[in-house]
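As structure tokens, the structure follows; a few thoughts come after it.
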Amino acid sequence: GKVVPGYGHAVLRKTDPRFEAQMEFGKKHMPDDPLVNTVWNVYETVPNILGSIAKIKNPWPNVDAHSGALLVHYGMKEYEFYTVLFGVSRSLGVLASLCWDRALGFPLERPKSITTDQVKLWLEGKEEIWGD
């Protein structure tokens, strides 16, 4: 029982739409790339194999199953940067949301701050930290 990188998702129970978008992009812009074609061949095979294992709830590919092949195609071979790219893209999404909130005049969000001591007390059942 090991994890197959790029397969499974915490929420989705179907092929990740981001994977599908990347696959469509690859078919249009790099149909002859051997690594990209390998991703597609794996996609045709792996879900059936994983789906036959009772313990596996989601045998479908997620965005990570395809993004690496696209990055390699465009020359990004520094694999340790892939997580950085993911974080930067997530940050840009948060920033865009913040810009829209300000543009639409939504109030500032002020989440509660809690200390690690409060979390420890909450875990011991001695303090409620999520109430108002």
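Residue numbering for the sequence shown follows my numbering, beginning at 1 and increasing consecutively. Where is the CB? At the ideal position from N, CA and C, for every residue including glycine.
Classification of residue i by the beta-carbon crowding that lies within 10 angstroms, buried from 16 upward
{"i": "Trp100", "result": "exposed"}
{"i": "Ser139", "result": "Residue 139 is absent from the model: the chain starts at 1 and stops at 132."}
{"i": "Gly26", "result": "buried"}
Nearest candidate by alpha-carbon position, reference residue i, set the options
{"i": "Thr20", "options": "Leu85, Ile56, Ala65", "result": "The sequence given here has Glu at residue 20, not Thr. Glu20 has its Cα closest to that of Ala65, out of Leu85, Ile56, Ala65."}
{"i": "Ile53", "options": "Ile129, Lys2, Trp122, Glu128", "result": "Lys2"}
{"i": "Asp32", "options": "His73, Ser91, Glu109, Arg13", "result": "His73"}
Residues of its chain near residue i, where Cβ-Cβ distance is below 8 Å and the 5 sequence neighbours each way are ignored
{"i": "Val46", "result": "Val4, Tyr7, Pro59, Pro61"}
{"i": "Met155", "result": "Given a span of 1 to 132 for the chain in the structure shown, any question on residue 155 remains unanswerable."}
{"i": "Glu128", "result": "Trp122"}
{"i": "His9", "result": "Asp16, Asn58, Trp60, Asn62"}
Sheet register partners of residue i (DSSP bridge)
{"i": "Tyr7", "result": "Pro61"}
Within 8 Å, strictly: CB atoms of residue i and residue j
{"i": "Val39", "j": "Met30", "result": "no"}
{"i": "Tyr82", "j": "Leu98", "result": "no"}
Cβ-based neighbour list, residue i, same chain, cut-off 7 Å, excluding 5 preceding and 5 following
{"i": "Gly51", "result": "Pro59"}
Close-in-space but distant-in-sequence residues of the same chain around residue i (CB under 6 Å, 5 per side omitted)
{"i": "Ala69", "result": "Leu35, Val36, Val39"}
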